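J.:
Numbering (UniProt numbering), first residue to last: 1 to 133.
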């Protein structure tokens, strides 16, 4: 989950690969998965769809016990806001959700007013910034 992901755990990321235009999404879910390789598109075993994943640099070390690498995977479920705008997450977002515009290799990202589905803050209104950005 994003709140549990530390900068140290993702410090060996060299790139993020997006499988679709996530800049149009209010949020994506992120998790650290144990994967057999540093690079390449991982297998996906959740409901919904994978929208992106991290590539690790050569300095990333495999787990001694499992031989796997911890890599971020970004995904959405069928009941998320992009597919069901009037559903469960019309406001708020899942615990592991972050605004994709706050993500980069080695940067864990965060929640924003947009990802939470809330109204723009006073500061945003004063600056003339409207959602969606």
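Where a beta carbon is used, it is the ideal one built from N, C-alpha and C, also for glycine.
The structure displayed is predicted, hence computed values, not measured ones.
Counting only runs that start and end within the segment 22 to 109, where is the beta strand (DSSP E) found for 3 or more residues in a row?
T.: Taking only runs of at least 3 residues, the beta strand (DSSP E) segments lying wholly in the segment 22 to 109 are 28 to 35, 49 to 56, 69 to 76.
J.: Under a Cβ-count criterion, where at least 16 other Cβ atoms within 10 Å of its own Cβ denotes burial, should residue 59 be classed as buried or exposed?
T.: In the chain shown, counting from the first residue as 1, residue 59 sits at position 59. So residue 59 counts as exposed.
J.: Figure out for me which residue from 74, 93, 102 has the closest Cα to the Cα of residue 19.
T.: Start at 1 with the first residue of the chain shown, and residue 19 comes out as number 19. The option with the nearest alpha carbon to residue 19 is 74.
J.: By Cβ distance below 8 Å, which residues in the same chain neighbour residue 46 in space, the five residues on each side in sequence not counted?
T.: Counting from one through the chain shown, the residue named residue 46 turns up at place 46. Hits under 8 Å: 75, 77.
J.: Which residue's Cα is closest to the Cα of residue 5: 15, 33, 16?
T.: Translated into positions along the chain shown, residue 5 becomes position 5. The shortest C-alpha separation from residue 5 is found at 33.
J.: For residue 26, count the other beta carbons within 10 Å of its own beta carbon; 16 or more makes it buried, fewer makes it exposed. Which is it?
T.: Counting from 1 along the chain shown, the entry for residue 26 is found at position 26. So residue 26 counts as buried.
J.: Which class does residue 19 belong to by DSSP, given the choice of helix, strand or coil?
T.: Position 19 of the chain shown, counted from the start, is the residue given in the question as residue 19. In this structure, residue 19 counts as coil in the three-state DSSP scheme.
J.: Cutting at 7 Å between CB atoms, please list the residues of its own chain near residue 79, excluding the five before and the five after it.
T.: The residue you call residue 79 lines up with position 79 of the chain shown. Taken in chain order, the residues that qualify are 87, 88.
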